[in-house]
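Reviewing the structure listed below.
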Amino acid sequence: MNRFAPLFLVLALLVAGCVAIPTKNEPAAYTQAVVQDAIRLYNSEGLQAALDHYSSPDNVDGQWYVFIIGEDGRTIAHFRPELIGRDPALRVDVTGYFYGDDLLSATEKGKWLSFVFYNPDTDEETLKHAWVVRHEGLYFGSGWYEEE
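Heads up, the sequence shown is in our numbering, so the first residue is 9 and it goes up one at a time.
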C-alpha cells in the first residue's frame, strides 16, 4: 500500500463532505440559505433567541434580513420594530397587490412570492423576491430586491 493512500482517502472524504455555500451573487440560493439558517437557530436555541436576533438591526446584511410571522399572521420578528405585531390585512404593497394571503400559504417546502417593499440597502420601495417557509406553525422568510 502506498504510504500516501491514507492522506488521499482523508482528502477525498473532506472534498466529498463539502457543500457549496451560496453567495450573494446567487440571490435565490443565498436567500434560501438565510431562511434555513434562521430555522436552524430557532430549532437549536428556541423561539425567544430567534425573535431577539431577528428583531435586531444586526439581522440586516445589506438587502437580506429575516422576518418571522406567527400562526395568527402577525409579524413577530423584524428589524423594523414598527412592523412587529403588524395586522396581516395590511400586507398590501404600493402597487395595491395584497400579498398577505400568498405569504401565509407557504408550506414546509417553501414558497416564492414577489411584492414591492422597503429596501434597507437603498432606502426605497423596490420589488422584493421573498422565500417563505412554514415551520412548526411559524413563517420564516427573507428575500432580495430587484436591481433597477
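The C-beta atom is built at its ideal place from N, Cα and C for all residues, glycine as well. Fair warning: this is a prediction, and the values are worked out from it, not measured in the lab.
Beta-carbon separation (whole angstroms), residue i vs residue j, contact threshold 8 Å
| i | j | result |
| --- | --- | --- |
| LEU146 | ILE77 | 7 Å |
| PHE123 | TYR105 | 6 Å |
Euclidean distance between Cα positions of residue i and residue j
| i | j | result |
| --- | --- | --- |
| GLY70 | TYR126 | 12 Å |
| ASP45 | ALA97 | 28 Å |
| GLU132 | HIS143 | 30 Å |
| ASP110 | LYS119 | 9 Å |
| ARG94 | PRO30 | 31 Å |
| THR115 | THR130 | 30 Å |
Proximity test, Cβ basis, 8 Å: residue i and chain D
| i | result |
| --- | --- |
| TRP152 | The structure shown has no chain D; it contains just one protein chain. |
Reduced DSSP secondary structure (H/G/I, E/B, other) of residue i
| i | result |
| --- | --- |
| VAL68 | coil |
| GLY149 | strand |
| TYR126 | strand |
| VAL140 | strand |
| VAL100 | strand |
Cβ-based burial, residue i [other Cβ within 10 Å; buried from 16]
| i | result |
| --- | --- |
| THR33 | Before going further, note that residue 33 is Asn rather than Thr in the sequence given. Classification for ASN33: exposed. |
| ARG99 | buried |
| GLY54 | exposed |
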